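Protein chains in written order, with the numbering used here: chain A, 3 to 484; chain B, 68 to 324.
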Ligand SMILES: Nc1ncnc2c1ncn2[C@@H]1O[C@H](COP(=O)(O)OP(=O)(O)OP(=O)(O)O)[C@@H](O)[C@H]1O
Ligand SMILES: [Mg+2]
């Protein structure tokens, strides 16, 4: 016994020492959040004075805010002073040196998803030679983008190179005081993506975080800002279908979209963070604020999301339809299995005349999970002739899971029209028997039925992404039939 | 090919099948008739492995292999096909995708390569002509919004695509108009083959004019109470079930559909 205790103490001590070492190297901050921590974070990133001020202001507001408790989720209280708010990307020698050192479970999933070998290494965080990547990446997307005048870089670079744009738009859609998690993000955001599409330009390719190799490690407080100038178009893909493991339990990202006159932004997400094991242990808490401002007339913002990961998800991609005739769309598939909890939906805020919005939400619950749709459709006094169509469908697999729908409608304009449809269905024994009688495996049958249920959303995704998303559902549903 | 010995099955503790004995040889067509609620669909479902029903006694074997040891999908891959009395809808899943998944599951089981989308499309279009179903139905959700007759034709379409060893057709003739009955009969006759057996449940001897069975059985109260040839069906049409000693409450527990 004595020796064991001693060993344990030794270990604890070593970790403690390790903490000191990394602190000196400024790799990871000691836990806790205060103005000094923010100043150091800003200094490491060599940010200009105005950025630091912006962060500190956000921090001071955040201190006065309360964590929301209205979502239909339960999770242990987070002690913000016990988590570290900055950690640099892992050093090469700390990464696995080859796929042999990577968790075999993770590799199995990559294989099922059909991810090419060389990409598996990157995703699993294997220390691959970055030269090959940056060369191929530069030629495949940097050149055509530069020619079109599209800016696509990390937000840290944008703060250095395009300060005027960042100053003008950062926080213009999601102000630091918007909500608790957005406030926290504003104070300590680590990195993220910046996109600027100039007037009249149709971005020549789908932009994806996937291309930006180092963007995969932007950390837990990601910040994204996309600006589409008059008559421009951009389609952006966030995330990938490969499962993402992360040591950080809390993720609080902010995404802001700005569409000016006649501009269109299409934003697609596949979120597949670690959901925890089948007993509900571990997993990421994903608290995201995503909002698009359709400022210009005839502008359009579409959100398409496929959410299968995270232990707890709290996410409402929204559209503020300010410009006359502007359009907002929200297409969502949210799947929960085992002990996962998701509270997700959208807000469509109609301010301009003849604005219209469409909401198609597909919630799938399996295992003992809980899946809630929460949507707000709001018409301001100026929203003459505005209309919304909402369709909310829930699919239950088994009888221990739950689905909830919370639609809210607020209207200050009598001419506004709202249509709402909601259904709840089950994968029935008869459907399963039919599939199996035709020789189809039960797991494949469930995934086929679920894919059919999600069809309206999948068709909004870029083609190859839709195929991947289908496979992802199949993997996420594993073990849900028995 | 199919051998059923002393088969007993129950649902929710109530015994429905009370000792069925039946031998079906390759190449034969057997018709099963009998009053409503006598257990015809139950027998069909039990053969296909529906877990709603519990087999409490007896044996079922297909070419000597014990079927009771196999899961539903394994039985299907061994060649058991069931055309449902009430085909269920699967919204959003296209008929084409469903059928291709099924055909490929069988092919994989037999060690053959899977059919790609183009190859399968060609095959499916040909077969849908055979059952007079517009190829547009291939693009629709499985049975989604199909009329009763269209659902039945879709079942035959599946049988023709999957080429089973034993095809069980549960009232595939009911709810069909006169033309559709012709089409379905033609489809079933196309299924007839040396190495295939067909078991069809029907209420109407009319069907048996189109598809001439080798044997006719009467199922009543969970037992086969009479077996004979083609002429038995005619006799039943004339005399009903009463003369077979089937008790009244067994003969008509529910109104005829
Ligand atoms: N899932 C079930 N739960 C309870 N009872 C059932 C179930 N399935 C069948 N039964 C009962 O078993 C008996 C036989 O039903 P079955 O469907 O096999 O009759 P059938 O001969 O096919 O009748 P029909 O000619 O009307 O189609 C009926 O009394 C029926 O109510
Ligand atoms: Mg029946």
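By construction, the Cβ of each residue, glycine as well, lies at the ideal position given by its N, Cα and C atoms. Here the structure is a predicted model, which is why all the values come from computation and not from measurement.
Bridge-paired residues (DSSP) for residue 157 (chain A): Answer by DSSP bridge pairing: none, since residue 157 (chain A) is not bridged.
Close-in-space but distant-in-sequence residues of the same chain around residue 275 (chain B) (CB under 8 angstroms, 5 per side omitted): Hits under 8 angstroms: 98, 269, 283, 297, 300.
Any beta carbon of chain A sitting closer than 8 angstroms to that of residue 183 (chain B)? Not one beta carbon of chain A lies nearer than 8 angstroms to the beta carbon of residue 183 (chain B).
Mapping DSSP to helix, strand and coil, what is residue 273 (chain A)? Residue 273 (chain A) falls in the strand class under three-state DSSP.
Quick one: does residue 225 (chain B) have its CB under 8 angstroms from some CB of chain A? Closer than 8 angstroms to some Cβ of chain A, the Cβ of residue 225 (chain B) qualifies, so yes.
Which of the three DSSP states, helix, strand or coil, is assigned to residue 313 (chain A)? DSSP places residue 313 (chain A) outside both helix and strand once states are collapsed to three, so it counts as coil.
Residues of chain B with CB under 8 angstroms from residue 370 (chain A), in chain order? Close partners of residue 370 (chain A) in chain B (Cβ separation under 8 angstroms) are lacking, with about 23 angstroms as the shortest Cβ gap.
Is residue 294 (chain B) near ligand 2, going by C-beta to nearest heavy atom under 7 angstroms? No, Cβ of residue 294 (chain B) sits at least 7 angstroms from all heavy atoms of ligand 2.
Which residues share a DSSP beta bridge with residue 289 (chain A)? Looking at the DSSP output, residue 289 (chain A) shares a beta bridge with A:316.
Given residue 350 (chain A) as reference, the closest of A:195, A:167, A:379 once Cα atoms are compared: Relative to residue 350 (chain A), the option among A:195, A:167, A:379 whose CA is nearest is A:379.
Rounded C-alpha distance that separates residue 272 (chain B) from residue 248 (chain B): Using only the alpha carbons, I get a separation of about 13 angstroms.
Assuming residue 151 (chain A) and residue 200 (chain A) are in contact, meaning their beta carbons sit under 8 angstroms apart, how far apart are those beta carbons, in whole angstroms? With 8 angstroms as the limit, residue 151 (chain A) and residue 200 (chain A) qualify as a contact, their Cβ atoms being about 5 angstroms apart.
Exposed or buried, residue 246 (chain B), counting other C-beta atoms within 10 Å across all chains shown (16 or more means buried)? So residue 246 (chain B) counts as exposed.
Using a Cβ-Cβ cut-off of 7 angstroms (strictly less than) and excluding sequence neighbours within five positions of residue 189 (chain A), which residues of its own chain qualify? Excluding five sequence positions before and after residue 189 (chain A), the CB atoms of its chain that fall closer than 7 angstroms to its own CB belong to 40, 57, 60, 61, 64, given in chain order.
State yes or no: is the beta carbon of residue 236 (chain B) nearer than 8 angstroms to at least one beta carbon in chain A? Residue contact check for residue 236 (chain B) against chain A: no CB pair falls below 8 angstroms.
Against chain A, which members of the stretch 102–128 of chain B pass a CB distance test of less than 9 angstroms? The stretch 102–128 of chain B vs chain A, Cβ under 9 angstroms: 112, 115, 116, 117, 118, 119.
Go ahead and pull the three-state DSSP assignment for residue 376 (chain A). Strand, per DSSP.
Taking only heavy atoms of ligand 2 into account, decide whether any of them is closer than 7 angstroms to the Cβ of residue 401 (chain A). Relative to the non-hydrogen atoms of ligand 2, the Cβ of residue 401 (chain A) never comes closer than 7 angstroms to any of them.
Contact list for residue 168 (chain B) against chain A, beta-carbon separation under 9 angstroms: Those are 437, 440, 441, 442, 446, 447, 450, listed as they occur along chain A.
Name the chain B residues that come within less than 7 angstroms of residue 433 (chain A), Cβ to Cβ? Residues of chain B passing the Cβ test: 155, 157.
Run of the beta strand (DSSP E) containing residue 427 (chain A), from where it starts to where it stops: Residue 427 (chain A) -> beta strand (DSSP E) spans 419–428.
Extract the residue ranges of the beta strand (DSSP E) inside the stretch 76–131 of chain B, only unbroken runs of 3 or more that lie entirely within it. Correct list: 81–91, 96–100, 121–129.
Positions along the stretch 131–157 of chain B whose CB lies within less than 9 angstroms of some CB in chain A: Across the stretch 131–157 of chain B, CB contacts with chain A closer than 9 angstroms involve 138, 139, 140, 141, 142, 143, 144, 147, 148, 149, 151, 153, 154, 155, 156, 157, in sequence order along the chain.
Listed in chain order, which residues of the stretch 172–199 of chain B have Cβ atoms closer than 8 angstroms to some Cβ of chain A? Taking 8 angstroms as the Cβ-Cβ cut-off against chain A, the residues of the stretch 172–199 of chain B that qualify are 172, 173, 176.
Among B:132, B:84, B:91, B:96, whose alpha-carbon lies nearest the alpha-carbon of residue 109 (chain B)? Comparing Cα-Cα distances from residue 109 (chain B) to each of B:132, B:84, B:91, B:96, the minimum goes to B:84.
Residue 348 (chain A) and residue 377 (chain A) look like a contact to me (Cβ under 8 angstroms); what is the Cβ gap, rounded to whole Å? For residue 348 (chain A) against residue 377 (chain A), the beta-carbon gap comes to about 5 angstroms, under 8 angstroms, which counts as contact.
Should residue 107 (chain B) be listed as close to ligand 2, given that the test is whether its C-beta is under 7 angstroms from any heavy atom? Short note on residue 107 (chain B): C-beta closer than 7 angstroms to some heavy atom of ligand 2.
Within 8 angstroms of any Cβ in chain B, is that where the Cβ of residue 135 (chain A) sits? For residue 135 (chain A), the pLDDT reaches just 39, beneath the cut-off of 50, and the residue's location in the model is therefore unreliable, although a value from the coordinates is still provided. The C-beta of residue 135 (chain A) comes no closer than 8 angstroms to any C-beta of chain B.
Can you give me the start and stop residues for the beta strand (DSSP E) that residue 437 (chain A) sits inside? Taken as a continuous stretch (DSSP letters only), residue 437 (chain A) belongs to no beta strand (DSSP E), being part of the alpha helix (DSSP H) at 431–439.
Given residue 164 (chain A), which residues of its chain have a CB within under 8 angstroms of its CB, disregarding the five upstream and five downstream residues? Only 153, 196, 198 meet the Cβ criterion.
Pick from B:80, B:135, B:105, B:100 that is closest to residue 71 (chain B), judged by C-alpha positions: For the residues B:80, B:135, B:105, B:100, the minimum Cα distance to residue 71 (chain B) belongs to B:135.
Mind checking whether the beta-carbon of residue 113 (chain B) lies closer than 7 angstroms to any heavy atom of ligand 1? Answer for residue 113 (chain B): no, Cβ out of range of ligand 1.
Any beta carbon of chain B sitting closer than 8 angstroms to that of residue 454 (chain A)? For residue 454 (chain A), the answer is yes, since a Cβ of chain B falls inside 8 angstroms of its Cβ.
Give me whichever residues DSSP pairs with residue 394 (chain A) in a beta bridge. Answer is A:363, A:424.
Please compile the residues from chain B whose C-beta is within a distance smaller than 7 angstroms of the C-beta of residue 457 (chain A). Close partners of residue 457 (chain A) in chain B (Cβ separation under 7 angstroms): 159.
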